[in-house]
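Numbering (my numbering), first residue to last: 503 to 927. Just so it is clear, CB atoms sit at the ideal spot from N, CA and C, and this is done for glycine as well.
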Ligand SMILES: Cc1ncc(COP(=O)(O)O)c(C=O)c1O
């Protein structure tokens, strides 16, 4: 069966019409054409439930926390309900969930706190595949004499070189910071195995799950990672970041904070007033995913079970859609593709693909597609170590197409036709 036929078979059991109805912004038109949102890796669209939750917060709960009156009590309720929702998404307890402005800010905060315990000569292991937000905050600890080591990639398939990782891990390594999935080439890293290796060397792990979260289920217990961070705006929620930390570690490391603020975990990590209306939106994003899961598996009893059911259906749908896209791209003459192309290995990648055409720059191509209502990204997407390593940073990087579960086979066909038109022009 070809990739298109396979996608059709899987798509039959996925209620894409219901999914798309939940996202009002998918109705947007560009020059008389429906917009094709293939820009998800930089931020996804949000379902109506999220928009309503943010609005309702302002209408019914708008206040600050811990006051002795209705709206303040409601605000506390909104935050604790959202913490419980994220705990179900992560598979942890609510007091291991920390809200923050975004992943980058959370990582700078945590790296400073971890850095308080580090000494000159201690080592941190980072990677060539990671977004810079999981690189620079840790690399800044070199100011204290901390030694920064970088794990290389295998250029042929853009996967992490685990032999290099093993060679660089040693008793001096205090922390390994690694992405769950690459936001530029879609590679899913073996983070459970990396965590096991790190722990055996006496190091803790900090997992950047920002790119992975819209594409696959997270289970921090199964991973046994020490910290994991994601950004709800990448998985159908508002612009914020959320951190999971093992409770003993959230208690051990000391955040920089103001004196009157609580010392209690997890709130001591949430500096200043939070964006409470968006925290309400995070809870709604998780509920949306759970609803999707209940629709695909009516037997899901708990919200966690419903979330796992949602991911089972979206993983299958996205994988088949990505197979169709990759097959179509590889048929284009002179295309340079970055990442895994072997369909037998698609469980090692998510539906984010990057490439360069033999003609034009990624910026020119993105503009050509944008004029036709097809939204893609060009550049390095802050995966700067990667674009430098594969020699495309000075050439304008790559064109990135990101598929999520609200995208369709028709959008992939439109993209492929537009690429052929660009090449022929
Ligand atoms: C893999 C990855 N990590 C980290 C970030 C930074 O996230 P934030 O925008 O929440 O700071 C991004 C954003 O694109 C990302 O894709």
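Using three-state DSSP, classify residue i as helix, strand or coil.
i	result
residue 792	helix
residue 596	helix
residue 518	helix
residue 729	strand
residue 928	Residue 928 cannot be examined here, being either before or after the span of the chain that is shown, 503 to 927.
residue 619	coil
residue 806	helix
residue 581	helix
residue 543	helix
residue 628	strand
residue 710	strand
residue 679	strand
residue 551	helix
residue 856	strand
Use the C-beta contact count for residue i: other C-beta atoms within 10 angstroms, 16 or more gives buried, fewer gives exposed.
i	result
residue 533	exposed
residue 803	exposed
residue 627	buried
residue 912	exposed
residue 708	buried
residue 590	buried
residue 719	buried
residue 713	buried
residue 772	buried
residue 801	exposed
residue 684	buried
If the criterion is Cβ atoms closer than 7 Å, does the pair residue i and residue j meet it?
i	j	result
residue 625	residue 651	yes
residue 525	residue 779	no
residue 812	residue 832	no
residue 838	residue 814	no
residue 546	residue 840	no
residue 777	residue 594	no
residue 549	residue 790	yes
residue 597	residue 864	no
residue 834	residue 905	no
residue 860	residue 836	yes
residue 600	residue 787	no
residue 743	residue 556	no
residue 642	residue 675	no
residue 891	residue 661	no
residue 647	residue 622	yes
Can you check DSSP and say which residues form a bridge with residue i?
i	result
residue 879	902
residue 746	599, 730
residue 662	655
So, at 6 Å on beta carbons, what are the nonlocal neighbours of residue i in its own chain, with the 5 sequence-adjacent residues on each side left out?
i	result
residue 686	856, 883, 885, 888
residue 753	767
Apart from the five residues just before and just after residue i, which ones in its own chain have a Cβ nearer than 7 Å to its Cβ?
i	result
residue 564	573
residue 670	627, 651, 653
residue 614	758
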